[in-house]
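Protein chains in written order, with my numbering: chain A, 1 to 259; chain B, 1001 to 1066. Backbone N, C-alpha and C fix where the C-beta goes; we use that ideal spot for every residue, glycine too. A quick note: this is a predicted structure, and the numbers were derived from the prediction, not measured.
Written out as structure tokens, the structure is:
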């Protein structure tokens, strides 16, 4: 049962799917297109790179209908605010919206965000009218700063990009959820469907992932698993789970026992 | 004249516009962005923006990414 009134709203736009999917690392463009379709994602991330001057080679957008998805350009590979801002400006010129996934990396080994540069870039981009979705650390103080600047969402990492370690600090995510009003989307770290469900059960507005699907042995099957996990996690969150208790609580009545 | 196109030195005719360059490269105008010497060239100016010797041109588009 999917609740059609439970929309995700980011930057004034409504989405039915709370799963956002990256388009990198697939075995082929056909596989990318199929995985995206099966995932039900409406927002898909893309990178901004030089056009291949050899026009005989195919490109991603030959396989994906940009009318079907909202392309969310990222600033992957940017290590300074300046480079990230430049990339966003190019993305807006090439694309169809003001939405950007802003990431400013601090280090190649961890791919953790450089939060100082991130804040700098976010300020400039918000002032230029971009709808900024920042990939950031799972730190509530930082997330509040990003919200105050005017970011349309915050996207704390669950674990390092591509690590598949899952939501390493669910308590940090909970604290962020309790203290910011913009949508909180877990970006990075998800490895399996249960990780995605955990993020949603915490109350996150959505989950963004790439490697967990693209790197699975069967990416198409994993795309479906992730779709269902995000729906299940959201329903579970909204249904309200039982409190955790140390001791048992019988499900069958004691009244009417005949022994 | 010499143009640095996506990081590579290329020889181009004098008086070539951005629109002319894209046509020559068989690149459609949709979903690409062009920078000339680090400044974005708006699509409306592709016809009138003429290239000069030594220009650094970047033509970018969207590729798979996370």
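Residue pairing from DSSP places residue 74 (chain A) in a beta bridge opposite A:101. Counted as a single uninterrupted DSSP element, the stretch harbouring residue 217 (chain A) is not any beta strand (DSSP E), since DSSP gives it neither H nor E. DSSP places residue 20 (chain A) in the uninterrupted beta strand (DSSP E) bounded by 19-22.
Secondary structure note for residue 32 (chain A): its alpha helix (DSSP H) is the uninterrupted segment 29-39.
Look at residue 79 (chain A) here: in three-state DSSP terms it is coil, with no helix or strand label.
Beta-bridge analysis with DSSP links residue 1062 (chain B) to A:48. With a threshold of 9 Å between beta carbons, residue 1008 (chain B) makes contact with chain A. Ranking A:211, A:39, A:252, A:199 by CA distance to the CA of residue 233 (chain A) puts A:199 first. Counting every other CB atom within 10 Å of its CB across the protein chains shown gives residue 212 (chain A) a total of 16 or more, marking it as buried. Rounded to the nearest whole angstrom, the C-alpha separation of residue 207 (chain A) and residue 196 (chain A) is 7 Å. Taking a beta-carbon distance threshold of 9 Å, residue 1033 (chain B) counts as an interface residue toward chain A. For residue 198 (chain A), there is no enclosing beta strand (DSSP E); the enclosing alpha helix (DSSP H) has its first and last residue at 193-202. Looking at the backbone, the Cα of residue 137 (chain A) and that of residue 113 (chain A) are separated by about 6 Å. For the alpha helix (DSSP H) assignment, the uninterrupted runs of no fewer than 4 residues enclosed by the stretch 112-150 of chain A are, from N- to C-terminal side, 115-127, 140-149. With contacts defined as CB atoms closer than 9 Å, residue 91 (chain A) and residue 153 (chain A) fail to qualify as a contacting pair.
Look at residue 63 (chain A) here: in three-state DSSP terms it is coil, with no helix or strand label. Under the DSSP assignment, residue 1036 (chain B) falls in the beta strand (DSSP E) whose first and last residues are 1033-1036.
At a cut-off of 9 Å between C-beta atoms, residue 1001 (chain B) does not count as an interface residue with respect to chain A.
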